[in-house]
Amino acid sequence: MTTIDEARLALIDAVNALDARRQKTSNPQEIQAIDDATPEINIRVDVLHQAGPLQAAAAVSDAVGELLKVINAARPDPLAGAMSDLRSAIGKLSQGPDSAASATDAAATSTSAGTPAATATAAPVGGFTPIDSQDFGQLRQEYQSFFDAATPRAEFSGDIAFCVNRLRRGQSRYQSVASDLGIPWQFIGIIHGLEGSFDFTTHLHNGDPLTARTVHVPAGRPAAGDPPFTWEQSAKDALLLHGFGGQDDWSLPRMLFRWERFNGFGYRPLSIPSPYLWCFSNLYSKGKFVADGQFDPNFVSRQCGAAVMLKAIGL
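Following this line, the structure appears as structure tokens:
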């Protein structure tokens, strides 16, 4: 096992290996993969400067994923030269930081002793207890008040910056769909981040690959046309399927309501601000549905909330 500092150094080694490979390869697919991966890994290096255990584990996992994309795009000589160094860096990172790995394992397996997982609750943060309602008229003011009070937590600044960077990079594609459907591009981009990790090779519906119709719920989408689908085709189908197209009210409270309804109102009866909206802010600390109907009061979400992204990028 490695420490967080050692993981950061391994990431730096990986970036150096990517730079070396970039100078040697003439494979355009590999060059593009390196150009995409390098800034993402540099963001993770910054995160590890001030990361806590859970954030370090997430950063390492993300970095390994980026590096493996380069490996997959490489010509069939991956053990030569710089690629050998790159695989060595992946090997170091895959072990994970000691404290990050142990904290992640603890979070993934923890339950409230003697309490059914689906009914246990975590304490609300700073008095921000959501109303147990699904009626927009009752929730409108709450959304505005929570948004005004939400501040990003410093330990997640690198993660939030990463999300903003990805939103900006995809802005033109989000806008091309937004203009056709009358939806703010930020709303589409943030769903893409939450549901598809900003991956333009997957369906917005559920993250299934665009090379076929969706397999997971909702299955068989898009119903019209033939695969492979473009991301734009699939995104329009998903947004229309959920009734987002042609809506007039795209005020801040209405956007937050639609995101929460999209993910589910299950956190409200538990008196917890939904991490889907508020994770990485002062309003959320812990508690997450780790599977359908299975709530873990001690599990900490590691996904930046929609409201936090929106506040960081601006409406």
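Under the numbering used here, think of the first position of the sequence shown as 1305, with each following residue one higher.
Where is the CB? At the ideal position from N, CA and C, for every residue including glycine.
Item: Short of 7 Å in beta carbon distance, which residues of its chain neighbour Gln1438, apart from the five on each side in sequence? Order them along the chain.; Value: Phe1569
Item: Can you tell me which of the three DSSP states Gln1336 falls into?; Value: helix
Item: Within 10 angstroms of its Cβ, does Ser1585 collect 16 or more other Cβ (buried), or is it exposed?; Value: buried
Item: Using 8 Å for Cβ pairs, my map puts Leu1560 next to Phe1491. What's the rounded Cβ distance?; Value: That belief does not hold up - the Cβ atoms of Leu1560 and Phe1491 are roughly 10 Å apart, past 8 Å.
Item: Residue range of the beta strand (DSSP E) that Phe1599 falls in?; Value: 1598 to 1600
Item: Output yes or no for whether 8 Å exceeds the beta carbon distance between Thr1342 and Ser1575.; Value: no
Item: With distances taken from CA atoms, which of Ala1337, Phe1533, Trp1554 is nearest Val1374?; Value: Ala1337
Item: Cα-Cα, which of Pro1488, Ser1480, Arg1470 is closest to Ser1501?; Value: Arg1470
Item: Counting only the same chain and skipping the five closest in sequence on each side, list residues whose C-beta sits under 6 Å from that of Ser1365.; Value: none
Item: Please determine, among Asp1463, Arg1525, Arg1517, the residue with the shortest C-alpha to C-alpha distance to Gly1497.; Value: Asp1463
Item: With Ala1458 and Ile1347 assumed to form a contact (beta carbons below 8 Å), what rounded beta-carbon distance in angstroms separates them?; Value: Contact flag wrong, Cβ pair sits at about 16 Å.
Item: Which stretch, first to last residue, makes up the beta strand (DSSP E) that contains Phe1593?; Value: 1592 to 1595
Item: Under a three-way DSSP split, which group does Thr1506 fall into?; Value: strand
Item: Helix, strand or coil: how does DSSP classify Ser1622 here?; Value: Outside the shown range of the chain (1305 to 1619) lies residue 1622, about which nothing can therefore be said.
Item: I'd like to confirm the pairing. Which residues does DSSP put opposite Pro1513 in its beta bridges?; Value: Thr1506
Item: Checking 8 Å against the spacing of the C-beta atoms, do Ser1538 and Leu1514 come in under that value?; Value: yes
Item: By Cβ distance, which residues of its chain are closer than 8 Å to Pro1531, with the 5 residues on each side in sequence left out?; Value: Leu1514, Thr1515, Ala1516, Arg1517
Item: Note the first and the last residue of the continuous alpha helix (DSSP H) segment covering Asn1567.; Value: 1556 to 1567
Item: For Ser1449, which of helix, strand or coil comes out of DSSP?; Value: helix
Item: For the alpha helix (DSSP H) that Asn1586 lies in, which residues bound it at each end?; Value: Looking at the DSSP string, Asn1586 is not in any alpha helix (DSSP H), and its letter there is neither H nor E.
Item: My output table needs one value for Ala1318: the three-state DSSP class, helix, strand or coil.; Value: helix
Item: Is Asp1512 buried or exposed, if buried means 16 or more other CB atoms sit within 10 Å of its CB?; Value: buried
Item: Provide the residue(s) that pair with Pro1456 in DSSP beta bridges, ordered along the chain.; Value: Ser1585
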